[in-house]
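All the letters of the sequence shown, read from the start, carry residue numbers -27 to -1, 1 to 512 under mature numbering (1 follows the signal peptide of the UniProt record, and there is no 0).
Built from N, CA and C at the ideal position, the CB exists for glycine as well.
As the structure is a prediction and not an experimental result, all values here were calculated from the model.
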Amino acid sequence: MREGKMINLSLGIMIIWVCCSLGWVNGEDPYRYYTFQVTYGTRAPLGVAQKVILVNGQFPAPKIECATNDNIIVNVINKLDEPFLFTWSGVKQRRTSWQDGVLGTNCPIPPNSNWTYKFQVKDQIGTFTYFPSINFQRASGGFGAFVIQPRSVITTPYPLPHAEIDLLIGDWYDTDHKTLRKQLDSGVLLPLPKHLLINGQPSSTLILKKGLTYKLRISNVGIATSINFRIQGHLMTLVEVEGAHTVQEVYESLDIHPGQSAAVLVSLNRLPKDYYFVVSSRFTKPILTTVGILRYEGSSIPPSKPLPIGPTYQLHWSMKQARTIRLNLTANAARPNPQGSFHYGNITVVRRLILKNSLTKIKGAVRCAVNNVSYVDPPTPLKLADWFKIGGVFDFKTFTDIPTPRPAMLGVSVVNVTLHDFVEIVFQNDENTVQAWHFDGTSFYVVGYGSGDWSYKMRKRYNLVDGISRHTVQVYPRSWTAILVSLDNKGMWNLRSTIWWRNYLGQQLYVRVWNDEKSLYTEADIPLNALKCGKASKY
């Protein structure tokens, strides 16, 4: 009997040892540590010296690269002369809106002090960015790439490229954010940007090898302008947008709107020489254009004109292209299960929001509003007020689910939803300019674009099978865009315009995703290092 027990014990020890050796018993996910010192510096991206925001002396800011489920620790040292926050655009901080880095969830980092962000990129892959979220500082720089690589055990639905290249592209002004901020505060809207930059420069040269395939991760880090990207003589295969693998359509050129990111594959299979790649503005007059060079390694043949032709103001063309960006249902993403295993089209919608943007005047000042409420940040962050049950900071009566015929007003717009609610959001744009919307803390399914006014019968045109999952979506002039979203991330989440001057002037709101259960499985406790301000200072 004793011998049998000893044999069973030995077998048990051996099984545990084998499991550990094979990785079946896992320890904690890896940690990646960053220290970001934020300062002013002088750069001349347009040939004239101007003040910009540097991170560790770099413009653009350093790249954050990690893998699925990594824990990210970022110590931010603020050396500016005003408060500062970073936000992680599209990176879902699971169970912890405490790390979102916007004024609805965080007190700002005071000058000459530091604060440490701590979050996990749980079950995510993809191409994202990070940037300053307050005081219009984004217009002076501080933005960087944020890339989440897949785990090695999860297959990728395309041959791995030889290398990856990050292209941070956006509009740029020839003055700093404080000057632009004062202009907006005085009621004067911003003019057309001066130029488009590629990785902080007016141009760029990519030196690549013939016969190889490269992945270009392209992000629009501008504050207002949609762009079109194209490469002379080369086609691009779209493979991912903002964390979702796409149907691998081939494009000659691709529209990317403010706040959006896309990953494309480009094969170098042409005559070894230099080729132009072109970035041009969309829906602007005049059109802004910047030109780079794709050089085959060893080439001595300069590029030849004409430049590849791209679209200018063709709204219908852009909308048609947007409908071709669809979810790859059979591909895995961060998990081994197919992306199409979540049948969003079969889920019952329990709430509908119709959000109508407007440019208006309130008390003589130019403001932007959503459903006639122009958002104003209270001195106490909404999340702190909610956590400590501090009254008088916000309520759920200020904002309405649908546009209401009332005078525009200033207010603190918060929508209350229950955790795991499945919600339909329609963005209605009656203005003559393109809009773009971002939802922190979650991704959503883009199910429809259309012209004119949305009505219930438009739902018959929805894509309820393979609508793309992303975190930022455009809304065309005099048009609507519809999304479906499962609100399964508890917290206080910012829903905002990525046209940054509109965001600054009030085109945003917050969605409180909530249930009464207090559990670390649904939401993390307030961080020990949380900054306190406003009415929360005494807690």
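Asked	Found
According to the neighbour-count rule (16 or more other Cβ atoms, all chains shown, within 10 Å of its Cβ), is V359 buried or exposed?	Reading the sequence as shown, one finds Asp at residue 359 and not Val. Buried is the call here.
Cα-Cα, which of I45, R469, T100 is closest to K329?	R469
Give the range of the beta strand (DSSP E) segment to which N476 is assigned.	Not the beta strand (DSSP E): N476 falls in the alpha helix (DSSP H), residues 473 to 477.
Indicate the three-state DSSP secondary structure (helix, strand or coil) for R226 in the structure shown.	A small fix is needed here, since residue 226 is Ser in this sequence, not Arg. In the structure shown, S226 sits in a strand (DSSP, three-state: E or B).
Does DSSP put R154 in a helix, a strand or coil?	helix
Do the CB positions of D144 and L27 come within less than 8 Å of each other?	no
Under a three-way DSSP split, which group does A217 fall into?	strand
Report the option in Y512, P500, V486, Q408 whose CA atom is closest to the CA atom of A197.	Q408
By the three-class DSSP mapping on this structure, what secondary structure does H316 have?	coil
Return helix, strand or coil for residue 515, following the three-state DSSP convention.	Summary: the structure shown does not reach residue 515, with the chain confined to residues -27 through 512, and so no result is reported for it.
Quick check on the DSSP output: the alpha helix (DSSP H) that includes R296 runs from which residue to which?	288 to 297
Run through DSSP, which three-state label would W71 get?	helix
Taking all protein chains shown into account, decide if E213 is buried (16 or more other Cβ within 10 angstroms of its Cβ) or exposed.	buried
Pick out the complete beta strand (DSSP E) segments inside the stretch 85 to 161, 3 residues or longer, and give them in chain order.	86 to 93, 99 to 105, 117 to 122, 136 to 145
Go through its chain and collect everything with a Cβ distance to G271's Cβ below 8 Å, but skip five positions before and after it.	P245
Could you check which residue in Y131, L302, G479, G283 has the C-alpha nearest to that of V349?	G479
With distances taken Cα to Cα, identify the nearest neighbour of P164 among P376, G173, R154, G421.	R154
Residues in its own chain within less than 7 Å of T257 by CB, not counting five upstream and five downstream?	L165, T198
When the Cα atoms are used, what is the spatial distance from P450 to T406?	5 Å
Does the Cβ-Cβ distance between A355 and G77 come in under 8 Å?	At residue 355 the sequence reads Leu, which differs from the Ala that was named. Yes, they are a contact pair.
Can you grab the Cα-Cα spacing for the pair G364 / L288, in whole Å?	46 Å
With a threshold of 16 other CB atoms inside 10 Å of the CB of E215, please say whether the residue is buried or exposed.	buried
Leaving out five residues on either side along the sequence, give the residues of the same chain with a beta carbon under 7 Å from the beta carbon of Y146.	A112, L153, P166, K167
If contacts are defined as beta-carbon pairs under 8 Å, then P376 and N344 qualify, I think. What distance do you get, rounded to the angstrom?	5 Å
Quick check on the DSSP output: the alpha helix (DSSP H) that includes K356 runs from which residue to which?	355 to 360
Is it the case that the stretch 312 to 323 contacts the stretch 231 to 247, given that we only count it when at least three CB pairs across the two stretches are under 8 Å?	no
Please go through the stretch 223 to 271 and give each complete beta strand (DSSP E) segment of 3 or more residues, from N-terminal end onward.	226 to 229, 234 to 240, 247 to 254, 262 to 269
For G(-5), which residues from the same chain have a beta carbon less than 6 Å from its beta carbon, with the 5 sequence-adjacent residues on both sides left out?	Legend: pLDDT at G(-5) = 36, less than 50; position of this residue unreliable, no value from coordinates given.
Tell me the DSSP secondary structure of K334 in three-state form.	strand
For residue 516, count neighbouring Cβ atoms within 10 angstroms of its own Cβ and tell me buried if that reaches 16, exposed if not.	Past the edges of the chain, shown from -27 to 512, lies residue 516, and the structure says nothing about it.
Using the beta-carbon count (16 or more within 10 Å), is K511 buried or exposed?	exposed
Closest by CA to F57, which one among T69, A22, H150?	H150
Measuring only the C-alpha atoms, how far is N389 from G318?	23 Å
Just reading off the beta strand (DSSP E) that R469 is part of, what are its end residues?	464 to 470
With respect to the beta strand (DSSP E) encompassing T186, which residues constitute its N-terminal and C-terminal limits?	186 to 193
When the distance is taken between beta carbons, is T100 closer than 8 Å to F116?	no
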